[in-house]
Every structure is written in C-alpha cells, then in structure tokens.
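Numbering (my numbering), first residue to last: 687 to 1260.
What follows is the structure in structure tokens.
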C-alpha cells in the first residue's frame, strides 16, 4: 500500500495512481489539520453492476467509470478530495452545476486544451449519472481552476498558440477555497467568481448561446471568381439566404413562400440572376459588420465570412471570452489598441477622448500583445531603423542603388552607442557588404518624409514597440491594415499628440513652432498613461450585435479543436 507524504502546508496530498488496485489509500486531514492515511476497501469492477447502491461512494463511482473506459485526469487529487467528504456528492446544488457546465463548455469550445472537450463529451453522456457524474464534474473543476488561476500570467501562450498548454494540478490552497465554499453552501458564488470579470462577458455569453440555437445547415457560396454589382451569378439564392439569416437584408426583402395573387412581371426589372439592388446593399452592410471595406464586391475575404456558420461564430466568441481575462475593463485613463480591429481608443478620466484607425504589424512581423505605459511624446523624431529592417529591407536596396540612403535622408553611423560617428556611405564597397553581418546603424533624420511622421509616442518594452505618426496616411483607407514592421501607426497621431502636449502645458503656438523648426524635442507626459495592445477577434457592440474581425495572425486556429463538440457544448449551454 502506498503512503502519502505528509505536507503541513497542503490541504490535499498527492497519491499514486491506484486505478487497477482493489485497495487504495486516500489522504485526508484529521481534525487537527494533520495529514493521515485512510484505507478503503474497493471491490473489483467485476463484483458490481452499474445499478449497485455502493456506486453512491466515490470509490465505486471510479470503478464504474473505469468499466466504461472513462478515467478522470486528476485521479489522485479526486480520491484525496472525496476522502474529505466520504459518500457525499460535491455537486448537490444544481444551480452551481448549470453555471459551471456553461463556463466549462465555453473553454471547451475555445479549443485551448483538448481535455476540456473530453470532459464535455463525458458530461453529456446520458449513461454517466449520479456519483459518477459528480466525480467527473469535480475532475473538470480541478482542470478549470488551473486554467483560471494560470491564464492571466500565461495567457499570451495559452490563448494565442496552436499548441495546447500542459494540464497540472491546481494549487492546494485554491482547491481548499472551493472545498470551503462547498461546506459553507456557497457553490454558486464560488463558480460565478471563476467567470471572466469583464463587462463584455455577459453580452458575449448570451450571444454565444443565441448563435448555438441556429443548428440548420448553413448555405455555402462556392463561387471562385469575384462578384461585382451588376454582374450575373447562379448563387444569388444562396447569397440571399445568408444575408437574411445574418439580418443584413431589409424586412421587405424576406422571401415570401406563398402568394395569393400571381406576381406581376416587370419587363424593366433586372434578371433574377443579376447581382444588384438590395442584395448589394445587404452585402455592404455585411462587410461593414465584419470590418471590411463596404464596397459591395464579393471577393475572397467577403465570401469566406459569408460562409462562416453561426456555430463557428459561437466558437470564436467562446475563444474571445477567455481572452477577456487579459483585457482591462472600464479603463479610466489609458490607450487601448485592438490589433485585429486596427483601432485605438484613448480614455481620460473615464471619458473617451479619441478614436483612431491604426496600422499594425504584418503577419511575418507581428505586433506583440503587451501592456506598458506611455511616458513621453517625441516631436520631430529621428528614426533609428531596427536591425531586422536594415538586414531584410534597406541593405538590399542600397546594394542595388547606393544613392538610396541620401535620397531618403538616411545617415550611416558607426554603431548604436551614443558616441557613434557618421560614416560616409560612398567610402563603402557595397558590392561586398553582407546584409546578415551589417555592422552599422542607419538613422533617418526628422522631416516630412520620416517614416515615424511628426510624432513618436514612447513606452518601455523589451521589443522596441511604440506608437507613431506616418507620412503615408492613404494606407489607413484599407480595410486590412496589417502592414507595419510591428510598431503601431496612428492615423490621428497629431490629435493624440496635441492632447498629450496640451496636458503637459504646451499651447498650439508652441506645438506649431516646434514642428516648423524641425528640431527633435522630447516632452514628458504629465503622468504615465497605460497602453494595452490586445487581440480580440470577436466581441459584442453597444447595439447588442456580435462583431467579428479577420484573424490576421492565425491565433484563432484553436477553435478547430472545439468544433467537434459544438452540439454537446450546446447542450450544456442551454
């Protein structure tokens, strides 16, 4: 027989896996708080049937589950937990069960850890009930506690990676909190406290449940070519159904299945196969809903979104519900940048002062998720070109055209230190220069054509990421704006700078004069302003309609793992 090592600071002891033994040891706490070993005789699986009354003990429930090929993930922790509550159900409060199952289903749909999909599959098996189901609920709770407690610290890896994170036992102190809530009859309160603490959660949770109600087959557009207004297509009936089911057509465009009077044919009306009229307007509304350019042209991106079913949208909401755990809520003062929405919002004292389009990093040079704080505004900033850009972009251009540096107002420096000397680029034999071993720094002088524009907003971070202006504002008119090398370009940078500089005591005349002189000036902000770069591809707008955005960095691929249990998760969420 195995003995548990006594741990004074641990509520639950870990025991070895004794799945196949007829006798096993359970760790329990004595009345004085010391760990003790309790032996329980467990009859073999073959000596009991599913209907035997002894299945109302946790040990018998484990044996019954084993007979069905079901093995709890946290077997050792489960046996220790139920030793503290012999022959008792831990999930007697049905309200707590409902709440927990719904939160569990949301994590399972997100696909971040396949074990959650396994728990949902088992919990929707009608043959698993009574104490067996109680044990599985507790097993799932242990996994959920690890997730909830670890996601804030590890969320960038857990929620934005295609590799599932590793399941581990939750902290004993956390399990004891749950156990004390059970003893106090406050299971509902404890379970409620585990949900995301964000004002978006309730709205996204309800939207997810509503989407899961639509289980009808989703029509699919199979066209491969771009469809433009006034062109003809044989798939307009499919398009009409999609627009109707997404609520993008006017009420008068609802299909009438039966007419009491024969329809009067209008000889001047366009062919029913012509893409025109309210269908075009409906597509424009759909595009605007998805954050795409509302031009009515059905290209690949629009077609792909038209083909996304309500079930898949529900899974996207489920994943982004978990991401809410990483996003600050009710920001009083701060700058919030949602990367896939290409949007920046600046709040001051609880009021939104500015909303701006932004450009973010391209997929091969992603803008990282991060939290920092803005500490100064640089007026007329120079640009020290990052090493990656020097090697991949600039050096190859110089080798082809040695005048490239001069034409773009670049200076070549001997190094990155403050005492670096200026190097004459004409003295270098560029034909033998290696981009991978380029030893110099390249700096672009301030000016109208500087890549940072007229303003740079500094914030400390290890990846040299910052907000800045740009001389090329035409790019902000694009719907997909993942175009930069990682930093965030702000369309309304001059307005943001004006607000921050005024708060620092500058007036408009001083700002204009400094810009005109062209000298680089560093202006500390009055107080550091929190900056959050986050990544949500789904949320619910103020009008109650769920919003979805293109996953530019392929962070949403995990929902494919949750797709297989959409129906089962729907059972737990209704």
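Glycine is no exception: its CB is placed at the ideal position from the N, C-alpha and C atoms.
Here DSSP, grouped into helix, strand and coil, assigns residue 1047 to strand.
Collapsing the DSSP output to three states places residue 1124 in coil.
Within the stretch 807-874, the complete alpha helix (DSSP H) segments of 4 residues or longer fall at 816-844 and 858-869, listed in chain order. The beta-carbon distance between residue 779 and residue 873, rounded to whole angstroms, is 5 Å. This is short enough to meet the 8 Å contact definition.
Non-local beta-carbon contacts of residue 1171 in its own chain, meaning distances under 8 Å to residues more than five positions away in sequence, involve 1047, 1048, 1051, 1072, 1074 and 1075 in chain order.
The alpha-carbon separation between residue 814 and residue 1008 amounts to approximately 28 Å.
Linking residue 782 to residue 1020 through their CA atoms gives a straight-line distance of about 36 Å.
In the three-state DSSP reduction, residue 778 falls in the coil class, being neither helix nor strand. At a Cβ-Cβ threshold of 8 Å, residue 913 and residue 961 count as neighbours. Note that the C-beta distance between residue 1220 and residue 1024 is below 8 Å. For residue 1029, the three-state secondary structure derived from DSSP is strand.
Around the beta carbon of residue 1102, a 10 Å sphere encloses fewer than 16 other beta carbons of the protein chains shown; the residue is thus reported as exposed.
The shortest C-alpha to C-alpha distance from residue 1064 to any of 1032, 1139 and 1115 is the one to 1139. For residue 1022, the CB contacts under 6 Å within the same chain, skipping 5 residues up- and downstream, are 1031 and 1218 in chain order. At a Cβ-Cβ threshold of 8 Å, residue 1240 and residue 1066 do not count as neighbours. Going by DSSP, residue 1213 is part of no alpha helix (DSSP H) but of the beta strand (DSSP E) stretching over 1207-1220. By the beta-carbon neighbour count (other beta carbons within 10 angstroms, threshold 16), residue 1195 is exposed. Residue 1086 has its alpha-carbon roughly 13 Å from the corresponding atom of residue 1078. Ranking 1125, 1235 and 766 by CA distance to the CA of residue 1222 puts 1235 first.
Taking the C-beta atoms as reference points, residue 1216 is found nearer than 8 Å to residue 1057. In the DSSP assignment, residue 1234 falls within the beta strand (DSSP E) that extends over 1232-1234. The three-state secondary structure of residue 1041, taken from DSSP, is strand. Residue 1231 counts as exposed, since fewer than 16 other beta carbons sit within 10 angstroms of its beta carbon. Per DSSP, reduced to three states, the secondary structure at residue 966 is helical. When the beta-carbon positions are compared, residue 862 and residue 1004 stay at least 8 Å from each other. Distances from the CA of residue 1043 to each of 1178, 1150, 788 and 764 were compared; the closest alpha carbon is that of 1178.
Residues of the same chain with a CB within less than 7 Å of the CB of residue 1036, apart from the 5 flanking positions on each side, are 1018 in chain order.
With three or more CB-CB distances shorter than 8 Å, the stretch 925-937 counts as touching the stretch 970-982.
Taking C-beta separations shorter than 6 Å and ignoring five residues to either side along the sequence, residue 1163 has no partners in its chain. Distance from the CA of residue 1092 to the CA of residue 1055, rounded to the nearest whole angstrom, comes to 35 Å.
In the displayed model, residue 1168 falls within a strand according to three-state DSSP. At a cut-off of 4 residues, the continuous stretches assigned as alpha helix (DSSP H) that sit fully inside the stretch 748-800 are 761-769 and 780-796. Note: residue 1096 is bridge-paired with 1130 in the DSSP secondary-structure output.
With contacts defined by Cβ atoms closer than 8 Å, residue 857 and residue 835 form a contacting pair. Residue range 1056-1065 is occupied by the beta strand (DSSP E) that includes residue 1059. For the options 876, 830 and 1182, the alpha carbon positioned closest to that of residue 1039 is the one of 1182.
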